[in-house]
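Worksheet: the structure to be examined is printed underneath.
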Amino acid sequence: MIDLKQLRDDPDRFKTGAQRKGVAVEIDRILELDAKRRAFQTEIDALRAEQNKLAKESGPKIGQLMGQIKKASGTEKDALEKQAAELRAAPARLKEKIQQLEQQSQGIEPDLNALLLQVPHPADPDVPVGKDASDNVQIRAWNPTGFDAAKGFQASKGFAPKTHIELMESLGLVDFERGVKIAGSRSYILKGAGMRLHQAVLRYAIDFIADKHGFTPVSVPVVVREECMVGTGFFPAGREQTYHIEESTRGGGYDMFLTGTGEVGLMGIHADEILDESQLPLKMATVSTCFRREAGAAGRDTAGLYRIHQFDKVEQVVICKADEAESRAWHKKMIAIVEELLQSLELPYRLLQCCTGDLGVKNADMVDIECWMPGRGDLDKSGRPTGAYGETHSASRLYDFQCRRLNMRYKGDSTEGKTVFCHSLNNTVAASPRILIPLVEMHQQADGSVRIPAALQPYMGGMEVICHA
RNA sequence: GGUGGGGUGGCCGAGCGGCUGAAGGCGCCGGUCUUGAAAACCGGUUGACCCGUCAGGGUCACGCGGGUUCGAAUCCCGCCCCCACCGCCA
9 MIDLKQLRDD
19 PDRFKTGAQR
29 KGVAVEIDRI
39 LELDAKRRAF
49 QTEIDALRAE
59 QNKLAKESGP
69 KIGQLMGQIK
79 KASGTEKDAL
89 EKQAAELRAA
99 PARLKEKIQQ
109 LEQQSQGIEP
119 DLNALLLQVP
129 HPADPDVPVG
139 KDASDNVQIR
149 AWNPTGFDAA
159 KGFQASKGFA
169 PKTHIELMES
179 LGLVDFERGV
189 KIAGSRSYIL
199 KGAGMRLHQA
209 VLRYAIDFIA
219 DKHGFTPVSV
229 PVVVREECMV
239 GTGFFPAGRE
249 QTYHIEESTR
259 GGGYDMFLTG
269 TGEVGLMGIH
279 ADEILDESQL
289 PLKMATVSTC
299 FRREAGAAGR
309 DTAGLYRIHQ
319 FDKVEQVVIC
329 KADEAESRAW
339 HKKMIAIVEE
349 LLQSLELPYR
359 LLQCCTGDLG
369 VKNADMVDIE
379 CWMPGRGDLD
389 KSGRPTGAYG
399 ETHSASRLYD
409 FQCRRLNMRY
419 KGDSTEGKTV
429 FCHSLNNTVA
439 ASPRILIPLV
449 EMHQQADGSV
459 RIPAALQPYM
469 GGMEVICHA
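Residue numbers (the working numbering): 9 to 477.
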């Protein structure tokens with residue numbers, strides 16, 4: 009949610025912001041509705057003030073009259089009753105008028121709110137303007153010693169790589185067919201060392217961020233109320249991407265939604281709270297199962313573990329003071345944490361500065377991290393993939409966009425007694441099984457076995473290599 | 001699923017038609033006292049919105065929505081949530 013006051017003060021900023029993100033919104037319509045609503049409010053407030061004044065003035069008089077009426081009789085009583093009725097009439101007229109105005113004013117609000125929720129957060133000026141992911145800009149790339157993603161797998165390792173599908177099926181780590189039997193397309197079963205490797209990465213990632221970087225590990229609900237989805241900025245835009253549990257149609261009070269990321273639960277924790285400045289920054293990490301409908305992705309990445317409906321993800325979230333420099337510093341830090349993790353897993357990766365068209369509505373800035381996946385990319389003459397980067401992480405910087413929607417604020421020395429919306433940021437730590445793709449493809453050996461990087465071995469009961477049974 | 005109890009400010013907790021934006025306590029902030037601290041005492045301490053250049057003025061909010069009333073935290077209706085006990089399940 010953007011700040012309506014800011015929109016009022018500088019509508020052009022939001023107009024160009026939306027345009028650069030390729031989002032169509034009716035800013036002028038918002039301004040118009042807002043002006044109307046405020047006019048109504050001013051009028052209603054004035055009438056209420058008058059009503060309150062009258063109630064204070066005539067209230068005691070009415071009380072007095074009522075007392076007299078009880079004792080009186082005949083014409084005297086009639087006269088008193090007439091007086092009382094007159095006193096009551098003025099506030100009653102006001103009340104009627106107020107109700108009329110309120111009705112008109114309330115008619116505006118749903119439209120205004122719906123439109124306001126659609127206004128995207130403008131990208132920061134240093135974010136490159138672009139249409140879609142193809143306009144993203146590489147920041148830097150990293151390779152493990154002895155490997156160069158630019159030259160390809162075979163040039164560095166001396167043999168042609170298998171895809172993660174070939175490797176994992178032949179090693180018995182995955183069963184796609186039966187996964188589909190149970191749950192339909194984009195479903196899978198991990199088994200044996202495949203399942204253990206999945207768990208190992210997740211646990212390693214949680215320990216990594218908690219122990220090395222001081223994030224608080226938390227578990228959060230993955231089935232949440234709609235407010236949580238709206239509050240975190242996933243609704244209304246991303247409604248089609250989420251699984252919807254229609255509890256209300258079967259007698260429940262409200263519907264529920266399956267979260268597509270642990271970010272929703274983490275951000276929801278302190279919704280509607282006023283935090284003390286000394287509590288900030290909040291650094292939290294969670295492992296949660298993530299559910300995505302992948303609506304609109306028909307035909308894309310249909311094979312393998314890349315694009316699936318259900319996966320598990322370790323997610324990091326930082327909630328900090330409303331300070332741009334601090335937000336930017338945390339963004340860098342959260343990216344650095346991932347780089348450190350990927351390096352410890354010996355996985356080549358690159359950082360991409362996302363362009364305005366790829367940011368989504370809620371972000372002011374976003375950096376994607378892509379791991380090199382030998383089994384992706386264009387095919388060579390013999391029909392073998394030549395390798396390509398594939399997105400594994402996404403680091404978002406949102407200013408107060410989410411916290412405003414979630415009503416998450418703080419107070420302290422630096423706020424001069426005011427309550428201020430917090431800033432929030434989030435980044436993946438590790439999402440599995442997608443991270444298993446580069447993991448098995450990069451660490452495959454000529455004989456079709458897969459080497460387990462040293463960092464993960466303790467989480468695999470000391471196993472060093474996954475071999476054929 | 002059944003029965004009962006309850007949702008009030010940062011927290012605890014009183015109020016149960018006007019004198020209540022809300023007693024009292026805790027916490028927090030400032031002051032007095034003190035070599036310093038503690039204690040004691042004094043004062044302050046909810047949020048959102050609107051109008052206004054400022055000073056300031058106004059409105060709303062006691063779970064949420066509606067109603068009764070000249071006037072609602074207080075009465076009525078609907079909804080949501082929480083707690084306790086029982087049942088059922090893990």
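Even for Gly, the Cβ is constructed at its ideal location relative to N, Cα and C.
Rounded to the nearest angstrom, how far is the Cβ of residue i from that of residue j, given a contact under 8 Å?
i	j	result
Leu179	His451	Actually they are not in contact, since the Cβ atoms of Leu179 and His451 sit about 12 Å apart, beyond 8 Å.
Ile460	Ile443	In fact, because the Cβ distance is near 13 Å, the residues do not count as touching under 8 Å.
Ser440	Leu210	6 Å
Val326	Leu290	7 Å
Val127	Val33	5 Å
Is DSSP giving residue i helix, strand or coil here?
i	result
Pro225	strand
Ser404	strand
Ile443	coil
Asp373	strand
Gln453	coil
Arg148	strand
Leu179	coil
Ser296	strand
His172	helix
Lys165	helix
Val232	strand
Leu355	coil
Lys159	coil
Arg417	strand
Could you compute how far the alpha carbon of residue i sits from the alpha carbon of residue j?
i	j	result
Arg45	Phe22	20 Å
Glu255	Ile214	33 Å
Gly331	His172	Per the sequence shown, residue 331 should be read as Asp rather than Gly. Distance between the alpha carbons of Asp331 and His172 is about 43 Å.
Glu248	Gly166	45 Å
His2	Ala344	The requested residue 2 does not occur in the structure, where the chain is confined to residues 9 to 477.
Thr224	Ala306	37 Å
Leu41	Thr50	14 Å
Gly368	Leu109	38 Å
Cys379	Val322	16 Å
Met9	Arg28	18 Å
His221	Gln287	17 Å
Met176	Thr310	16 Å
His252	Cys328	31 Å
Glu449	Asp156	14 Å
Ile116	Arg37	11 Å
Lys139	Arg300	24 Å
Leu464	His206	10 Å
Arg16	Gly385	47 Å
Val182	Glu174	10 Å
Gly30	Gly365	6 Å
Asp86	Arg96	15 Å
Glu399	Arg186	27 Å
Leu387	Ile445	17 Å
Ser390	Pro19	56 Å
Pro229	Ala218	20 Å
Ala293	Val226	6 Å
Gly276	Gly154	44 Å
Ala63	Ala47	25 Å
Gly425	Glu285	11 Å
What residues match up with residue i in a beta bridge as DSSP calls it?
i	result
Asn435	Gln324
Trp380	Tyr397
His252	Phe265
Phe319	Cys298
At a threshold of 7 Å, does residue i count as lining the ligand SAM (C-beta to nearest heavy atom)?
i	result
Gln249	Among the ligands in the structure shown, none appear at all, so the ligand SAM cannot be discussed.
message: Closer than 8 Å is the cut-off here; do at least three beta carbon pairs connect the segment 223 to 243 with the segment 261 to 280?
response: yes
- prompt: With a cut-off of 8 Å, do at least 3 Cβ pairs link the segment 409 to 423 to the segment 341 to 361?
  reply: no
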